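J.: Residue numbers (the UniProt record's numbering): 1 to 230.
Cβ coordinates follow ideal geometry from the N, Cα and C atoms, glycine included.
The structure presented is a predicted model; accordingly, all values stated were derived computationally and were not measured.
Before anything else, here's the structure in question.
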Amino acid sequence: MSTPVTPGSPSATARPPIRVLLADDHTLVRRGVRLILDGEPDLTVVAEAGDGAEAVARARDTAVDLAVLDVAMPRMTGLQAARELSRRLPALHILILTMYDNEEYFFEALRAGASGYVLKSVADRDLVEACRAAVRDEPFIYPGAERALVRSYLERLHRGDGLPERAITEREEEILKLVAEGHTSKEIGELLFISAKTVERHRANLLQKLGMRDRLELTRYAIRAGLIEA
1 MSTPVTPGSP
11 SATARPPIRV
21 LLADDHTLVR
31 RGVRLILDGE
41 PDLTVVAEAG
51 DGAEAVARAR
61 DTAVDLAVLD
71 VAMPRMTGLQ
81 AARELSRRLP
91 ALHILILTMY
101 DNEEYFFEAL
111 RAGASGYVLK
121 SVADRDLVEA
131 CRAAVRDEPF
141 IYPGAERALV
151 RSYLERLHRG
161 DGLPERAITE
171 REEEILKLVA
181 EGHTSKEIGE
191 LLFISAKTVE
201 RHRANLLQKL
211 GMRDRLELTR
221 YAIRAGLIEA
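What follows is the structure in structure tokens.
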């Protein structure tokens, strides 16, 4: 009978290590996470990014197996980046590393194409195994949330609700984030490859849909939604 191969064993380390893209807007956080991952023989960080847009760019020009993305980042959130990466690079595995112990974010991460959701507060305990699970196409969520998340999901199914509906579209979310960060309509149009008039139309739709009057209220909403940090 063959002997099981465990990560870190000579047979496991003979394989090429898992190439990781790490995206977080805090340099110290990236440094700490990189120390955790590079300390494992089967994991290696080959690229870093300071925001979601840079993460998408780095994933396209660097050979990576796994993207580890923070949720709240400038220009493009980790969830937005996950959706973009899932569209552009469907073979790439995605893991969300976040400070938010939040059921809505978890389900949104699944929608975006992530196969794992790890809290930063327990990254030293869970992150390595979550990375390994992700590249095996196995789901990973932090243990304390499993029962509550499954129970909530089953309750929704029994009520016929399914997963929570999005309040705004993906494009509106992208524009909301950039408006809240102070970008002009022209700048947003250039970033998203659309016209300034289209940006203004989306912005007007956002104000009407959310029942708000100006950019200040949109910014407050973006902070509450975790699109930007206060």
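Beta carbon of Asp38, beta carbon of Val45: below 9 Å?
T.: yes
J.: Do you know offhand how far Phe106's Cα is from Gly78's?
T.: The straight-line gap from Cα to Cα measures roughly 12 Å.
J.: Counting pairs of beta carbons, one from the segment 167–179 and one from the segment 200–210, are three or more of them closer than 8 Å?
T.: yes
J.: Does the Cβ-Cβ distance between Leu95 and Val56 come in under 9 Å?
T.: no
J.: Just the Cα atoms here: how many angstroms apart are Arg203 and Ser195?
T.: 12 Å
J.: Going by the CB atoms, is the gap between Val135 and Leu35 shorter than 9 Å?
T.: no
J.: In the DSSP output, what is Tyr117 paired with across the bridge?
T.: Ile96, Ile141
J.: Just the Cα atoms here: how many angstroms apart are Glu174 and Arg201?
T.: 14 Å
J.: Consult DSSP for Leu66 and reduce its assignment to one of helix, strand or coil.
T.: strand
J.: What's the gap between the Cα of Ala23 and the Cα of Lys197?
T.: If you draw a straight line from the Cα of Ala23 to the Cα of Lys197, it comes to about 32 Å.
J.: Rounded to the nearest angstrom, what separates Glu40 and Asp137 at their Cα positions?
T.: 19 Å
J.: Would you tell me roughly how many angstroms separate the C-alpha atoms of Arg87 and Glu217, rounded to the nearest one?
T.: Spanning the alpha carbons of Arg87 and Glu217 requires a straight line of approximately 31 Å.
J.: Helix, strand or coil: which one does DSSP assign to Leu89?
T.: coil
J.: Less than 8 Å between C-beta atoms, sequence neighbours within five positions excluded: which residues of the same chain meet that for Glu172?
T.: His202, Asn205, Leu206, Lys209
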